[in-house]
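Below is one structure, written out as structure tokens, with a few remarks after it.
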Ligand code: SAM
Ligand code: SF4
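Numbering (our numbering), first residue to last: 223 to 551.
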């Protein structure tokens with residue numbers, strides 16, 4: 223098991239497949255992009271599948287989420303999904319994506335064994351989308367989501383980040399639209415993980431702001447802790463249900479005590495938390511010929527060192543060197 227000194231057990235593995243992206247969301251990346259990882263530094267498809275196999279068969283991982291950067295940019299994605307689906311025990315598999323290209327790949331991903339997707343969409347307005355992501359691709363995202371739903375990659379969850387002065391008036395419209403489309407909407411508080419270090423605690427839209435805005439149009443009823451489990455999103459039923467809306471309040475109501483995650487970067491580093499300042503090098507172990515048991519031992523050791531919390535609530539908080547896109551969000 224991947225257990226830490228606080229007794230938390232990590233069963234949910236986030237795998238970043240690439241640090242590259244075809245959007246430039248302002249809360250994530252600068253306009254010019256970033257210094258991308260060099261190809262030889264990236265894990266190969268075989269190395270990724272081997273690490274996931276070790277996690278699933280030796281370390282108790284039951285859920286695998288592919289992310290990035292933009293995971294749909296990884297050429298071997300469908301093959302990786304297929305090989306992970308063949309593992310015994312077979313983990314639950316999902317993908318967090320900006321949705322661009324999903325229209326083309328949704329059927330193949332479903333056929334390969336992917337269970338569901340989270341698609342990021344912050345606005346219903348194409349012009350605001352262009353300002354937020356610096357690319358004119360709103361239509362592609364909307365079509366990608368519909369393709370995922372039609373392919374049965376359900377429930378399709380929608381991740382939205384609200385930015386002051388840009389889309390902070392859109393919470394009720396986004397929810398009405400998601401309910402109509404049969405998508406499960408979750409708002410994520412903006413976190414200090416952008417490469418440009420542009421996050422400001424004072425300026426951010428909080429979970430409290432989001433809920434107040436939603437309540438101007440909907441009746442929200444909070445689900446109990448039992449339903450939440452280790453899930454980061456607190457959820458509310460909308461107008462008596464069955465539709466729900468989630469809020470991931472990583473900054474104002476952190477969920478670190480129930481965290482069940484472990485993370486693998488595209489260059490093979492284990493991170494215990496988005497906000498961790500240390501990493502453990504599994505790629506080096508793989509490439510120096512370490513057997514599975516030694517790799518598993520390294521992973522366990524890394525998780526044993528997991529800190530109690532993100533440190534966001536501490537005045538001495540330091541943003542990690544790697545931005546979100548290079549960790550895997
Ligand atoms: N490119 C894919 C996407 O956008 O869904 C996957 C990677 S992205 C880093 C994963 C999620 O992190 C997205 O839902 C995105 O909105 C969110 N995200 C990125 N930067 C963030 C930040 N600074 N604060 C909160 N969420 C952020
Ligand atoms: Fe790309 Fe996702 Fe970051 Fe947007 S949030 S720039 S889509 S990695």
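Glycine is no exception: its CB is placed at the ideal position from the N, C-alpha and C atoms.
Here the structure is a predicted model, which is why all the values come from computation and not from measurement.
- Taken in chain order, the complete alpha helix (DSSP H) segments of 4 or more residues contained in the region 402-460 are 429-437, 447-450.
- Annotated three-state conformation of residue 469 is strand, per DSSP.
- At least one heavy atom of the ligand SAM lies less than 8 Å from the C-beta of residue 247.
- Counting the other CB atoms within 10 Å of its CB gives residue 523 a total below 16, which places it among the exposed residues.
- About 15 Å separates the CB atoms of residue 321 and residue 408; that is not less than 8 Å, and the two are not in contact.
- Membership of residue 305 in the alpha helix (DSSP H) is indicated by the continuous run 299-307.
- Residue 551 counts as buried, since at least 16 other C-beta atoms from the protein chains shown sit within 10 angstroms of its C-beta.
- Between the ligand SAM and residue 550, a heavy atom-to-CB distance of less than 8 Å is present.
- Under the three-state reduction of DSSP, residue 315 is assigned to strand.
- Per the coordinates, the alpha-carbon of residue 309 lies some 28 Å from the alpha-carbon of residue 546.
- Note that the region 355-374 touches the region 321-330; at least 3 beta-carbon pairs, one per stretch, sit closer than 8 Å.
- When rounded, the separation of the alpha-carbon atoms in residue 350 and residue 247 is 11 Å.
- Taken through DSSP and simplified to helix, strand or coil, residue 227 comes out as coil.
- When DSSP states are grouped into helix, strand and coil, residue 532 belongs to the coil group.
- The three-state reading of DSSP puts residue 284 in coil, since its state is none of H, G, I, E or B.
- Put simply, the region 281-290 does not touch the region 500-516. Fewer than three CB pairs are less than 8 Å apart.
- For residue 378, no beta strand (DSSP E) encloses it, and the DSSP letter there is neither H nor E.
- Per DSSP, reduced to three states, the secondary structure at residue 238 is strand.
- In this structure, the ligand SAM has no non-hydrogen atom nearer than 8 Å to the beta-carbon of residue 252.
- Annotation: residue 385 to residue 427 spans about 7 Å, alpha carbon to alpha carbon.
- At least one heavy atom of the ligand SAM lies less than 8 Å from the C-beta of residue 412.
- Within the same chain, Cβ atoms closer than 8 Å to the Cβ of residue 535 are found at 476, the five residues on either side in sequence being excluded.
- Counting along the chain, the unbroken alpha helix (DSSP H) around residue 354 starts and ends at 348-355.
- For residue 249, the number of other beta carbons within 10 angstroms of its own is at least 16, and it is reported as buried.
- Rounded to whole angstroms, the gap between the alpha carbons of residue 229 and residue 530 is 10 Å.
- Distance check between residue 493 and each of 479, 526, 305, 513 places 526 closest, using alpha-carbon atoms only.
- Contact annotation, residue 488 with residue 279: C-beta distance approximately 22 Å; criterion of less than 8 Å not satisfied.
- When the five nearest sequence neighbours on each side are left out, the beta carbons in the same chain lying within less than 6 Å of the beta carbon of residue 359 are those of 322, in order along the chain.
- Nearest C-alpha to residue 430 among 485, 411, 415, 440: 411.
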